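Mapping the sequence shown onto full-length UniProt numbering, position 357 (from 1) lands on 357, and the numbers just tick up by one. Just so it is clear, CB atoms sit at the ideal spot from N, CA and C, and this is done for glycine as well. Please read these numbers as outputs of a predicted model, since none were measured by experiment.
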Amino acid sequence: MAVAVVAIRSAFPTAAAAPPLRPAILGVARAAASSRRRRILLPAWPVAAMSSSSSSSAAAAAHKAGAWYAVPDLSLRDHRFAVPLDHSSPSPSAPTITVFAREVVAAGKEDLPFPYLLFLQGGPGFESPRPTEASGWMKKACEEYRVVLLDQRGTGLSTPLTTSSLSQITSAAEQVEYLKHFRADSIVKDAEFIRLHLVPDAKPWTVLGQSYGGFCAVTYLSFAPEGLKSVLLTGGLPPLGSACTADTVYRACFKQVQQQNEKYYERYPQDIQVIHELVRYLNESEGGGVSLPSGGRLTPKMLQCLGLSGLGSGGGFERLHYLFERVWDPILVPGAKKTISYYFLKEFERWLGFDQNPLYALLHESIYCQGSPSKWSAHKIGSECESLFDPIKAIKEGRPVYFTGEMVFPCIFDEIHALRPLKETAHMLAHKEDWPPLYDVNVLNNNKVPVAAAVYYEDMYVNFNIAKETASQIAGIRLWITNEYMHSGIRDGGSHVFDHLMGLLNGKKPLQLKLPIYRDDRNPSLSDIWSKKVEAHTEKARPMEKGREAQASFKAVRVSMFGLVPPRLSREMCGRSAGIKRGGGRTFEGIFALGAMTQLMRLYRGASIAG
C-alpha cells in the first residue's frame with residue numbers, strides 16, 4: 001500500500017504556478033522553525049498570480065456562508081467549505097469534500113467583534129452538537145466568543161461517511177485508501193483551512209476539545225500552533241507513544257472498566273441475576289443469539305458492549321439499570337414462551353449506534369497508531385483477561401457478567417447487519433502499518449500556547465495515568481484534576497467545567513502546579529513534586545474516617561482536586577473512604593482532607609475546595 005506521510009514539511013509543495021480558480025491560502029509554518037519540527041502546511045499559491053476577480057470567485061467557491069437563523073437565545077449561521085480530500089495533493093483536479101461548520105453567537109450579538117472558539121467533538125466519527133437553546137457550556141462561551149461547531153470530516157453534514165455512502169466505493173482496498181484521510185491530522189488541516197477563510201485577518205482562535213476532540217487539539221498543538229490562541233481540553237489528553245499505543249491504552253482501560261463494573265453491581269446487585277438469566281437465554285438460543293430488529297444478532301459478547309455507553313458517563317449506571325428493567329416481555333398467556341422484548345432489542349441497537357456512525361467502528365483503534373498497526377488491539381488485550389470478562393464462565397462461577405468499555409471488537413462486523421459489508425475494510429485498517437504521525441513531542445515540550453485541561457480521575461475512556469504522563473510533555477499546561485465529573489463532564493456540569501478552565505487560563509482560578517518537562521535528570525520526578533506539594537498542604541491534616549462512618553457523615557460529598565494529588569498519596573493520607581457515592585456511579589476512593597472543620601463543612605454542603 002502506498003505510503004502517504006502527511007504532516008511533514010517535505011510532503012507539501014512549495015509555491016508554484018497558480019492553478020486557476022483556486023484560493024490563495026497562506027502557509028502557516030514559521031520560518032524560524034527547527035528542521036526537526038513538523039508543521040501542517042496548507043498549499044501556498046501566490047496571491048499576485050490571480051486577478052482580484054479570480055481570487056474573489058475562488059474564495060467564494062471555497063467558502064459559502066448561509067443566513068442567520070435562530071433558536072432560543074442563540075443566533076446561528078451555517079458555513080460550508082470545499083477542502084481537499086488529501087491536503088498533501090491540492091491540485092485542481094484532486095477530489096474535494098465538503099466540511100460543515102455552524103457559527104453560534106448569543107442572540108443580538110451577531111455583529112460584535114468577538115474572538116472565535118472552535119469546538120472539536122468527541123469520537124471519532126460523531127458530528128458536533130446541534131443547539132436547541134442557550135444552555136450549558138455553550139451559553140457561557142457565547143458571552144465572550146463566536147463559537148464554531150465543526151462537523152469533523154465524514155460526520156454530520158461534512159460529506160458524511162455512512163454505510164450506504166461508503167458502498168459507492170466498491171473495493172475494500174479503495175475504501176481504506178479513502179478512509180485514511182479521516183483522522184486527526186486531516187481534521188486539523190480542515191480547521192486551519194476554515195480559520196484562514198472565516199476568522200477576520202486569519203487571527204489565531206481558541207480550541208475546545210472534548211475527548212477525541214482533545215486528541216485532535218493536541219495534534220493541532222503539534223503541527224499548527226500558529227493557528228492557536230489558547231487550548232481547552234476536557235477528558236482529551238492522548239497517549240504520545242511513537243508507534244501504536246493501543247495496547248497500552250486497553251491494558252489500562254480494562255482495569256478501569258473492571259472497577260466500573262464492580263461499582264455498578266454494588267449499586268444494583270439485583271441486576272446480577274437479571275443479566276445471568278439473559279446471557280443464559282442468549283447462549284442457549286439457536287446460533288448463540290437472537291435476531292435484532294435491523295437484521296443483526298444479539299449475543300452474550302455483544303450484550304457486554306452496552307458498557308461503552310453505560311459505565312463511563314454521568315447517569316450511565318441509572319440508564320443501564322432501567323434498560324434491564326424492560327428486558328423481558330410479559331407473559332400474557334399462561335404457558336407462553338419467555339422472550340426478550342422488542343423494546344430491549346431496539347434500545348440495544350440505539351445504545352450502540354455503530355450502524356449510524358461506522359467511522360467510529362472503522363477508525364477507533366487507528367487514533368492510537370503512528371507508523372504501526374493496531375491488529376485488533378482491544379480483542380488481543382481482552383484475551384489476556386478473558387477469564388474475567390468471559391460471560392459464560394462468569395455464570396458458571398456465579399460471578400457478575402462484566403460489560404466492556406470503549407473497545408471495538410471484530411465480532412461487531414459480523415453481528416451488526418449494516419457493518420457486515422465493511423468487515424474486510426475493517427480488517428485491512430487494523431493491519432495498516434503506514435499511518436502518519438499524529439503528535440510531535442519535541443514541539444509539545446516547547447509549547448508556547450496557553451493550555452488548560454480537565455482530567456477526570458475516574459475517566460473510563462481516557463485513562464488518568466496516561467493523561468498525566470501526556471500532560472508532563474506539554475510545556476506550560478495547567479491541569480484541573482477532579483473526580484466530581486465523569487468523562488462527560490463538559491455535558492453534565494453545565495458551564496462549570498468551561499468556566500473553571502477559562503479561569504485557569506486568565507488567572508482567576510488558583511494554579512497549584514505546572515507539570516515539568518522532563519528534559520534532563522536535573523528535573524525532579526513528578527512524584528517528588530507531588531509529595532512536597534501534598535506534605536505542604538497536609539502537615540497538620542488528619543485522615544478522614546473510613547468505611548461506614550465516613551459514608552454516614554459525608555454521603556453528600558463531592559470533591560474537586562484542583563492540584564495534582566496522585567491516587568497513592570491520596571489513599572495513604574486519607575484512607576479509602578469506600579462507599580462514599582454520588583450520581584453516575586462515582587465512588588470516591590480517597591477524600592483529600594485539609595484538617596480544618598470549615599473545609600469539611602464546605603465538603604458536606606457540596607462546595608468544592610482548592611488545594
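Identify the residues that DSSP records as bridge partners of residue i: which are they?
i	result
Phe100	Arg80
Thr470	Bridge partners of Thr470: none, in fact.
His63	Phe81
Thr206	Leu117 and Ser230
Arg297	Ser291
Leu74	Val71 and Ala106
Ile340	Trp328
Just mark residue i as buried or exposed, buried being the case when its beta carbon has 16 or more other beta carbons within 10 Å.
i	result
His431	exposed
Tyr342	exposed
Leu303	buried
Tyr322	exposed
Ser570	Reliability of the predicted coordinates at Ser570 is poor, the pLDDT of 36 falling under 50, and the value obtained from them is presented with this limitation in mind. Per the 10 Å Cβ criterion, buried.
Leu362	buried
Ile416	buried
Gly405	buried
Gly335	exposed
Pro225	buried
Gln168	exposed
Gly66	exposed
Trp530	Legend: pLDDT at Trp530 = 42, less than 50; position of this residue unreliable, no value from coordinates given.
Gln273	exposed
Arg558	With a pLDDT of only 33 at Arg558, under 50, the local geometry of the prediction cannot be trusted, and no value is derived from it.
Ile187	buried
Glu484	buried
Ala31	Residue placement at Ala31 is poorly supported in this model, since its pLDDT is 36, which falls under 50; the coordinates are not used for a value here.
Arg326	exposed
Gln175	buried
Leu112	exposed
Leu332	exposed
Lys301	buried
Gln270	exposed
Asp440	buried
Ser242	exposed
Ala62	buried
Ala70	exposed
Pro90	buried
Ala173	exposed
Pro160	buried
Ser158	buried
Thr170	exposed
Using 8 Å for Cβ pairs, my map puts residue i next to residue j. What's the rounded Cβ distance?
i	j	result
Val257	Leu311	7 Å
Pro293	Glu349	7 Å
Val451	Leu233	7 Å
Tyr461	Ser309	Not a contact, Cβ separation roughly 11 Å.
Leu444	Ile474	5 Å
Thr155	Glu177	With 8 Å as the limit, Thr155 and Glu177 do not qualify as a contact, their Cβ atoms being about 19 Å apart.
Asp73	Ala134	4 Å
Pro115	Trp205	7 Å
Ala252	Phe215	At roughly 16 Å, the Cβ-Cβ gap does not stay under 8 Å, so Ala252 and Phe215 are not in contact.
Phe409	Ala426	Their Cβ separation, rounded to whole angstroms, is 10 Å, which puts Phe409 and Ala426 out of contact at 8 Å.
Met486	Gly314	5 Å
Tyr250	Met407	7 Å
Trp435	Gly503	The pair is not a contact, with the Cβ atoms about 37 Å apart (cut-off 8 Å).
Ala217	Gly209	3 Å
Leu237	Val455	7 Å
Should residue i be counted as a contact of the ligand SAM given a C-beta to heavy atom distance under 7 Å?
i	result
Leu278	Among the components modelled here there is no ligand, and therefore nothing to report on the ligand SAM.
TODO: With a floor of 4 residues, list each alpha helix (DSSP H) that falls wholly inside the segment 208-293, ordered by position along the chain.
DONE: 212-223, 246-267 and 271-284
Open item on the list: Suppose only complete runs of 4+ residues qualify. What are the alpha helix (DSSP H) ranges in the segment 357-429, listed by chain order?
Closed with: 358-363, 377-384, 386-389, 391-396 and 412-415
TODO: Report the residue ranges of all alpha helix (DSSP H) runs contained in full by the segment 127-195; include only those spanning at least 4 residues, in chain order.
DONE: 136-141, 163-166 and 172-179
Open item on the list: Whether or not the segment 194-206 and the segment 418-433 are in contact is what I'm after, with contact meaning three or more pairs of Cβ atoms, one per stretch, closer than 8 Å; do they touch?
Closed with: no
- [ ] Check whether the segment 94-113 touches the segment 72-86, counting contact only when three or more Cβ pairs, one atom from each stretch, lie closer than 8 Å.
- [x] yes
- [ ] Take every Cβ of the segment 136-148, pair it with every Cβ of the segment 256-270, and state whether three or more of those distances are shorter than 8 Å.
- [x] no
Task: Segment contact flag, the segment 123-142 with the segment 377-394, C-beta cutoff 8 Å, min 3 pairs - done: No: fewer than three Cβ pairs fall under 8 Å.
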